[in-house]
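Let me begin by presenting the structure, written as structure tokens, before commenting on it.
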Amino acid sequence: MSLNTFEFLASQASSAIRRNPMVTIAAITNVAVALAILGAFALVAINLHHMAALEAQSAVITCELDEGADPADVEAALLLDMRVKGTKFVTRDQALENLAKKWDFDLNVLKAMGNPLPDTILVYVSDPEEIGAVADAAGKVEGIGKAWYPEQITEKILTVARGVKISGLVVGAILILATLTVISTTIRLTIYARRREIRIMQLVGATRWFIRLPFLLEGLFQGVMGGLVAAIGVMTGYIYLEAYAEQNLQFVSLYTTTDFLVLFGAGVLLTGAVFGAVGSLAGIRQYLRTV
Amino acid sequence: MIHLEGVSVVYPSGVQALNDVSLHIGRGEFCFIVGSSGSGKSTLLQLIYRELSPTSGRVVFDGQDVAQLPAAKVPFLRRKIGIVFQDFRLLPDMTVWENVGFALDVLGATRREKHRKVPISLELVGLGEKAASFPHELSGGEQQRVCIARALVNGPPVLLCDEPTGNLDPDTSWDIVELLSHISETGTTVLMATHDKYIVDRLRKRVVNLVRGTLVRDDQTGTYDVS
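Line by line, the protein sequences are chains A and B. Residues 1 to 291, numbered by our numbering, are exactly what the first sequence covers, in order. Residues 292 to 518, numbered by our numbering, are exactly what the second sequence covers, in order.
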């Protein structure tokens, strides 16, 4: 592509934006609002999952071994379950030591009282959502008397997370549709305003993509700008919220690492670009069918 | 150069625009297509630049069956054809120079190519002095010259003119036709649809006459009416 061609395409795209600044601003605002709401949903869902994962890490399944059962056999049986990430054998003596440490008891006193604890195997699951099912299955493994886990907390968080995901999908679908409609409508306005140029381009032998490219660029610009506004807005809000939560809500720890924030910002921007591209292509397809 | 073989066009409305038309136009020829409004002149031109495809029959351009051309190849066909319209179709917010250059821009030309070709084209139509003017500052005849310059700037072997003098007074019309005749003498095939009797009778070139879509006459040095 010659420099002149590049300039030509860029000037075609930018003239549309300059010609209809309000329409462009409306489209960008729409993309920004939609992406901000979607982004907020995503952040809430990610954080709930993060909390559930933290909870699930501590909430391992404790399997009490029957007396005389071979821990190695039982571990092997448990590991057959694909959902199990790992197991750890804890003798009753170790269990007693852990207990003493946890509650700050005198180990010798406890030992003197006789150790009431069984040998146990701790089972870690890969997906916290599966913990209940895995515990049920573990309870049926030969050599295990009882399998239990500090349930409910994880479950409850996951239930909320599921709700957020589902409502996010519903709201998201509506917003995506609205955004694509707005972008394709602005592209349609540009196509209409430029129908004479387009006609001449067609007649002198411009290729289809040459004619379409400026509109695609225009849509991309709207999408990326909207994404930028949304990313900056949501991330700023999130950082403030995180600081507030740290000070006032000790039990909530928001998921914030620099990597995560950068990835999230990039994701919002990319989604904006995809919206812009898909929206403008829809507009082009609809109104430039003959091109 | 252009070859039509038993071409018929029936519009979806059922109107028969062309009826079994066969025609051969050689390289460098100047040919009038005459007939009253609705006789199928424009339809015939549109077949050549693939704005339309025939319902039956073959349209061959430069050895290529135009109707068989895949849509993606149509732009490359059109680069070999310059088109001039009755209503000029100039872009009002561009100067004469830019209007002609636009045709090169959309073909991906470099700046250097543009600066070489646009002045040549404008000189050819006698508008070298008006390069910086806007279309609304020009007379009708001058606007039509810009349109011709734009059609020729890419050096196409064929020029199709659809009633190019339809909006012009007789003297100006004659100037335009002389220009087209001059262009055809340089080797460009020129096909001009018109119902301007005065011009056709005065220039004495090949005349193809359509009546309600049927080719009724093809005279090598004809007049508008049957002589």
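Heads up, the beta-carbon is just placed ideally off N, CA and C, and yes, glycines get one too. Quantities reported herein were computed from a predicted structural model and do not represent experimental measurements.
Within-8 Å CB hit, A/Phe210 to chain B: It does: the Cβ of A/Phe210 has a partner Cβ on chain B nearer than 8 Å.
Element boundaries [alpha helix (DSSP H), containing B/Leu381]: First-last for B/Leu381: undefined, no H or E at that position.
Test: B/Arg407 CB closer than 8 Å to a CB of chain A: With its beta carbon at least 8 Å from every one in chain A, B/Arg407 lies outside the interface.
Local conformation of A/Val291 per DSSP, three classes: Any reading at A/Val291 is ruled out, since the residue's pLDDT is 45, under 50, leaving its predicted position unreliable.
CB of B/Gly331 within 8 Å of CB of B/Ala308, strictly: yes
Proximity of B/Asp353 and B/Met292 at Cβ, strictly below 8 Å: yes
From A/Glu246, A/Thr185, A/Val134, A/Leu99, residue whose alpha carbon lies closest to that of A/Ile284: Nearest option by C-alpha distance: A/Thr185.
Selection from A/Met82, A/Leu122, A/Gly168 that minimises the alpha carbon distance to A/Lys146: The option with the nearest alpha carbon to A/Lys146 is A/Leu122.
Alpha carbon of B/Leu283 to alpha carbon of B/Arg493, nearest angstrom: Because chain B here runs from 292 to 518, residue 283 of chain B falls outside it and cannot be looked at.
Which of helix, strand or coil DSSP assigns to B/Ala423: DSSP places B/Ala423 in coil when its eight states are reduced to three.
Rounded C-alpha distance that separates B/Lys509 from B/Val300: In the sequence as presented, Lys is not what sits at residue 509 of chain B; that position holds Asp. Rounded to whole angstroms, B/Asp509 to B/Val300 spans 20 Å at the Cα level.
Short-range partners of chain B found in the region 130 to 148 of chain A, where Cβ spacing is below 9 Å: none
According to DSSP, residues forming a beta bridge with B/Leu451: In DSSP, B/Leu451 forms a bridge with B/Ile374, B/Leu482.
Residue-chain proximity (A/Leu203, chain B), Cβ-Cβ < 8 Å: yes
A/Asp136 - DSSP class collapsed to helix/strand/coil: helix
Rounded separation between A/Tyr149 and A/Glu130 - CA only: 12 Å
Residues that B/Trp388 bridges to, as DSSP identifies them: Looking at the DSSP assignment, B/Trp388 forms no beta bridge with any residue, so it has no partner.
CB contact below 8 Å: B/Ala358 versus chain A: Chain A contact via Cβ: absent.
Unbroken alpha helix (DSSP H) run spanning B/Glu414, endpoints: 402 to 415
Nearest-angstrom beta carbon gap, B/Ile324 and B/Val499 [assumed within contact, 8 Å]: 5 Å
Residue-level contact to chain B via CB, A/Ala206, 8 Å cutoff: yes
Beta-carbon spacing of A/Tyr287, A/Ile211 below 8 Å: no
CB contact below 8 Å: A/Phe221 versus chain B: no
Where A/Asp104 falls, given that 16 or more other Cβ within 10 Å makes a residue buried: exposed
N- and C-terminal bounds of the alpha helix (DSSP H) containing A/Asp93: 92 to 103
B/Ile293 at chain A interface by Cβ criterion, 8 Å: no
Buried or exposed (CB count within 10 angstroms, at least 16 for buried), A/Ser280: buried
Three-state secondary structure assigned by DSSP to B/Ser472: DSSP places B/Ser472 in helix when its eight states are reduced to three.
Test: A/Ser14 CB closer than 8 Å to a CB of chain B: no
Contact set between B/Phe321 and chain A, taken where Cβ atoms lie within less than 9 Å: Per Cβ cutoff of 9 Å: no residues; B/Phe321 is ~21 Å from chain A at best.
Selection from A/Ala16, A/Glu197, A/Trp209, A/Leu270 that minimises the alpha carbon distance to B/Pro383: A/Glu197
Meets three-Cβ-pair contact criterion under 8 Å: the region 32 to 39 of chain A and the region 169 to 184 of chain A: yes
Distance between B/Thr512 and B/Ile490 (C-alpha atoms, nearest Å): Their backbone Cα atoms lie some 13 Å apart in a straight line.
Straight-line gap, B/Ala394 to A/Ala45 (C-alpha atoms, nearest Å): 53 Å
A/Thr207 to B/Glu342 span [Cα, whole Å]: 15 Å
CB contact below 8 Å: B/Phe367 versus chain A: Chain A contact via Cβ: present.
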